[in-house]
Amino acid sequence: MNLLPLMTHQSASDIVAFRHGEAITVQQFLADVAQLRAILPPGRHILNICRDRYRFMVGLAAAMTANKISLLPSTYTRETVSHLVRFAPDLFCLSDEDNDIDLPQLFFPEGLPVTAATQNLPIPLIPETLPVGYVFTSGSTGSPVPHLKTWGALVGSVRAEAQRLGLLDGRRYAVVGTVPPQHMYGFESTILIVLQCGSALSAPQHFYPADICAELSSLPRPRLLVSTPIHLRALLGMHSSLPPIDLLVSATAPLTQELAREAEIRFNAPLQEIYGSTETGQVATRRRAETDEWFLLPELRLTAQAGRVWASGGHLLQATELSDQLEIISPDRFLLHGRTADLVNIAGKRSSLAYLNHQLNAIPGVQDGVFFMPDEDAAGSVKRLIAFVVAPGLDAQSVYANLRERIDPAFLPRPLQMVDALPRNNTGKLPREALQLLVAAHIHKKENNPGTP
Numbered sequence: 063m064n065l066l067p068l069m070t071h072q073s074a075s076d077i078v079a080f081r082h083g084e085a086i087t088v089q090q091f092l093a094d095v096a097q098l099r100a101i102l103p104p105g106r107h108i109l110n111i112c113r114d115r116y117r118f119m120v121g122l123a124a125a126m127t128a129n130k131i132s133l134l135p136s137t138y139t140r141e142t143v144s145h146l147v148r149f150a151p152d153l154f155c156l157s158d159e160d161n162d163i164d165l166p167q168l169f170f171p172e173g174l175p176v177t178a179a180t181q182n183l184p185i186p187l188i189p190e191t192l193p194v195g196y197v198f199t200s201g202s203t204g205s206p207v208p209h210l211k212t213w214g215a216l217v218g219s220v221r222a223e224a225q226r227l228g229l230l231d232g233r234r235y236a237v238v239g240t241v242p243p244q245h246m247y248g249f250e251s252t253i254l255i256v257l258q259c260g261s262a263l264s265a266p267q268h269f270y271p272a273d274i275c276a277e278l279s280s281l282p283r284p285r286l287l288v289s290t291p292i293h294l295r296a297l298l299g300m301h302s303s304l305p306p307i308d309l310l311v312s313a314t315a316p317l318t319q320e321l322a323r324e325a326e327i328r329f330n331a332p333l334q335e336i337y338g339s340t341e342t343g344q345v346a347t348r349r350r351a352e353t354d355e356w357f358l359l360p361e362l363r364l365t366a367q368a369g370r371v372w373a374s375g376g377h378l379l380q381a382t383e384l385s386d387q388l389e390i391i392s393p394d395r396f397l398l399h400g401r402t403a404d405l406v407n408i409a410g411k412r413s414s415l416a417y418l419n420h421q422l423n424a425i426p427g428v429q430d431g432v433f434f435m436p437d438e439d440a441a442g443s444v445k446r447l448i449a450f451v452v453a454p455g456l457d458a459q460s461v462y463a464n465l466r467e468r469i470d471p472a473f474l475p476r477p478l479q480m481v482d483a484l485p486r487n488n489t490g491k492l493p494r495e496a497l498q499l500l501v502a503a504h505i506h507k508k509e510n511n512p513g514t515p
């Protein structure tokens, strides 16, 4: 049986996290893991919803070393939790904040001191076949679909990422994330990357740009910011100077080249974009400011079969179908043309929601915007594209006129609705369910106010 270390830090005094001005050492981390492990309930499955990134990492390591499996769904709705309980009836919840999740609760204990029994603990060695967690995607039925992640596959994925990003040169990065650790991207790039590169994470999960900048400024260099296009756009909207960092990473949605170039200039750092999915983890990276092409991570390969693309090799335990339209350029390079599910066909013409969204958000004055195609059987839905736009200072007519110059008339939205904000989640994504609620609210408003556009 092949064993892989939980972490690659070399000394008990190495720093593994920064939390509220305190540097936390490997010794303290291992002590916290041991003491939390001792009070874990008997169930084998754990829902770790700790918002504090350090506490999440402690909970993850405690679960792994107790042979428990973490469940990482994308939401915690009542329906999702009910599905998780059917999947794992012994599930319990580890949390560090009050919540209304209907599960047996274990609240993260405060102030775990290093004791004589927890001094000088060795770094655990983990079997590469150990099931670490299930990540969940929403299938065609809307029910969460589990995907098992083993320790060996996760280590292979983040070590490939680290090699591509240049994180294996011996420097110890301070890692700040604007995405939650429960999300696959945040899980790999703010938790596992720290454990496998001898780095240190920033524990708080800040929301406001000013707080993110303050946290970055408080940390030693080199600094790594793990973010998303929506968070980067908010940071770049600040008029004050941004703290210098050493590397930017973005994922969850494609970056525009303009945003990537501005981010590199304002932060004075290169920006690497990651392509992947919940099913596969990380697959490729690109320097968006310089190229449209994606470069596969080491040992991965793509194959095209019957109009679909499959990824295999490297950290993938089996060939996995990708839900995107990819154009394979060479054995290690490809272009991304959008999600297969994003294709729209109107009046015999084809386009993608990704392309339409790009054109909408490229209009000067538009802060955020999205196209939406209602389900064919949606009650009261208009069988045309709908667009929701955040653009203070603009009206619907001016946005519509700009769109008319950018896209085919067949794809012009009817209606185009101005809103104060889009219902993005904490990774910057727009769940279809949230957009459906927005559409329903618009329809309700129109029915009760017939003059509403």
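Each residue of the sequence shown is one higher than the last, beginning at 63 in the working numbering. C-beta: ideal position from N, C-alpha, C; glycine also. Model, not experiment: these values are computed from the prediction.
Expected contact under 8 angstroms - CB spacing of TYR557 and LEU263 to nearest Å: Residue 557 lies beyond the range of the chain shown here (63 to 515); nothing can be said about it.
Helix, strand or coil: how does DSSP classify ARG148 here? For the purposes of this step, residue 148 is identified with residue 86 of the sequence shown, where counting begins at 1. Three-state result, ARG148: helix.
ALA449 versus PHE154: straight-line alpha-carbon distance, rounded: For the purposes of this step, residue 449 is taken as the residue at position 387 of the sequence shown. For the purposes of this step, residue 154 is taken as the residue at position 92 of the sequence shown. Cα to Cα, the separation comes out at about 40 angstroms.
Would GLY376 and PRO360 be called neighbours here (beta carbons separated by less than 8 angstroms)? Position 314 of the sequence shown, counting from 1, holds the residue named residue 376. Position 298 of the sequence shown, counting from 1, holds the residue named residue 360. Taking 8 angstroms as the Cβ cut-off, GLY376 and PRO360 qualify as a contacting pair.
Cα separation between ASN110 and ASP164? Taking the first residue of the sequence shown as 1, we reach residue 110 at position 48. Taking the first residue of the sequence shown as 1, we reach residue 164 at position 102. Whole-angstrom Cα-Cα distance: 14 angstroms.
At which residues does the beta strand (DSSP E) containing ASP430 begin and terminate? By one-based count along the sequence shown, residue 430 stands at place 368. Note, ASP430: beta strand (DSSP E), 430–434.
GLU467 by DSSP, collapsed to three states: which one? Residue mapping note: residue 467 aligns to position 405 of the sequence shown, counting from 1. Note: GLU467 maps to coil in three-state DSSP.
Tell me which residues share the same chain as THR382 and place their Cβ nearer than 6 angstroms to its Cβ, disregarding the 5 neighbours each side in the sequence. Here residue 382 is taken as the residue at index 320 of the sequence shown, counted from 1. Closer than 6 angstroms at the Cβ level, and outside the excluded window around THR382, lie GLU341, THR342 and ALA373.
Can you give the Cα-Cα distance for SER385 and GLN181, rounded to whole angstroms? In the sequence shown, counting from the first residue as 1, residue 385 sits at position 323. In the sequence shown, counting from the first residue as 1, residue 181 sits at position 119. Roughly 48 angstroms between the two C-alpha positions.
Range covered by the alpha helix (DSSP H) that runs through PRO271: Position 209 of the sequence shown, counted from the start, is the residue given in the question as residue 271. For PRO271, the uninterrupted alpha helix (DSSP H) run begins and ends at 271–280, by DSSP.
Where are the alpha helix (DSSP H) runs, 4 residues long or more, that stay fully inside the segment 84–116, in chain order? 88–99
Spatial distance of TYR462 from VAL406 (CA atoms): Residue 462 sits at position 400 when you count from the first residue of the sequence shown. Residue 406 sits at position 344 when you count from the first residue of the sequence shown. If you take the alpha carbons of TYR462 and VAL406, they lie about 19 angstroms apart.
Got a sec, what are the start and stop residues for the alpha helix (DSSP H) GLU159 sits in? One-based indexing of the sequence shown puts residue 159 at position 97. Run containing GLU159: none; DSSP gives neither H nor E here.
Under 7 angstroms Cβ to Cβ from LEU210, same chain only, skipping five residues before and after it: list those, please. Translated into the one-based positions of the sequence shown, residue 210 becomes position 148. Excluding residues within five positions, the ones whose Cβ falls inside 7 angstroms are PRO193 and TYR196.
Sequence ranges, alpha helix (DSSP H) only - wholly within the segment 260–344, length at least 4: Listed in chain order, the complete alpha helix (DSSP H) runs (minimum 4 residues) inside the segment 260–344 are 271–280, 291–298 and 319–329.
Identify every residue that forms a DSSP beta bridge with LYS491. In the sequence shown, counting from the first residue as 1, residue 491 sits at position 429. DSSP, once it has assigned bridges, lists no residue as partnering LYS491.
Is it buried or exposed, HIS107, if we count other Cβ atoms within 10 angstroms and call 16 or more buried? Along the sequence shown, read from residue 1 onward, the residue named residue 107 stands at position 45. With 16 or more Cβ atoms within 10 Å of its Cβ, HIS107 is classed as buried.
Rounded distance between the beta-carbons of LEU227 and GLN334, thought under 8 angstroms: Start at 1 with the first residue of the sequence shown, and residue 334 comes out as number 272. Start at 1 with the first residue of the sequence shown, and residue 227 comes out as number 165. Their Cβ separation, rounded to whole angstroms, is 6 angstroms, which keeps GLN334 and LEU227 in contact under 8 angstroms.
What is the residue span of the alpha helix (DSSP H) that ALA368 lies within? Start at 1 with the first residue of the sequence shown, and residue 368 comes out as number 306. Careful: ALA368 lies outside any alpha helix (DSSP H) and carries neither H nor E.
Any 3 or more C-beta pairs closer than 8 angstroms across the segment 420–438 and the segment 451–461: With a cut-off of 8 angstroms, the segment 451–461 and the segment 420–438 count as touching, because enough Cβ pairs lie within range.
Which residue's Cα is closest to the Cα of GLY260: LYS491, MET69 and ASP470? Start at 1 with the first residue of the sequence shown, and residue 260 comes out as number 198. Among LYS491, MET69 and ASP470, the Cα nearest to that of GLY260 belongs to MET69.
Under a three-way DSSP split, which group does THR347 fall into? Position 285 of the sequence shown, counting from 1, holds the residue named residue 347. Of the three classes helix, strand and coil, the one that applies to THR347 here is strand, per DSSP.
Alpha-carbon spacing of PRO103 relative to HIS82, whole angstroms: The residue labelled residue 103 in the question sits at position 41 within the sequence shown. The residue labelled residue 82 in the question sits at position 20 within the sequence shown. About 29 angstroms.
Outcome for ARG148 when other beta-carbon atoms lying within 10 angstroms are tallied against a minimum of 16: For the purposes of this step, residue 148 is identified with residue 86 of the sequence shown, where counting begins at 1. That one is exposed.
Within 8 angstroms, strictly: CB atoms of ILE516 and PHE118: No statement about residue 516 is possible, as the shown extent of the chain runs from 63 to 515 and does not include it.
Can you give the Cα-Cα distance for MET246 and ARG140, rounded to whole angstroms? For the purposes of this step, residue 246 is identified with residue 184 of the sequence shown, where counting begins at 1. For the purposes of this step, residue 140 is identified with residue 78 of the sequence shown, where counting begins at 1. Answer to the nearest angstrom: the Cα atoms are 21 angstroms apart.
Taking three-plus beta-carbon pairs below 8 angstroms as touching, is the segment 280–295 in contact with the segment 414–421? Touching, no, given that fewer than three Cβ pairs across the two stretches are closer than 8 angstroms.
The beta strand (DSSP E) spanning VAL237 covers which residue range? For the purposes of this step, residue 237 is taken as the residue at position 175 of the sequence shown. 236–239 is the span of the beta strand (DSSP E), which, as asked, contains VAL237.
Considering only the alpha carbon of each residue, which of LEU398, VAL501 and ARG468 lies closest to LEU484? Against the sequence shown, residue 484 aligns to sequence position 422. Per the Cα distances, VAL501.
So if DSSP puts LYS211 in a beta bridge, which residue, or which two residues, is it bridged to? As a working mapping, residue 211 is identified with position 149 in the sequence shown. Looking at the DSSP assignment, LYS211 forms a beta bridge with GLY195.
For GLU223, which of helix, strand or coil comes out of DSSP? Residue 223 sits at position 161 when you count from the first residue of the sequence shown. When secondary structure is reduced to three states using DSSP, GLU223 falls in the helix class.
Secondary structure of GLN167, DSSP reduced to three states: Along the sequence shown, read from residue 1 onward, the residue named residue 167 stands at position 105. Reduced to three states, the DSSP call for GLN167 is strand.
HIS399 - DSSP class collapsed to helix/strand/coil: Working through the sequence shown from its first residue, we reach residue 399 at position 337. Strand at HIS399.
With contact counted as at least three CB pairs below 8 angstroms, one residue from each stretch, are the segment 86–94 and the segment 172–187 in contact? yes
According to DSSP, simplified to helix, strand and coil, what is LEU388? Here residue 388 is taken as the residue at index 326 of the sequence shown, counted from 1. If DSSP states are grouped into helix, strand and coil, LEU388 belongs with the strands.
What's the C-alpha gap between ALA236 and HIS301? Against the sequence shown, residue 236 aligns to sequence position 174. Against the sequence shown, residue 301 aligns to sequence position 239. About 25 angstroms.
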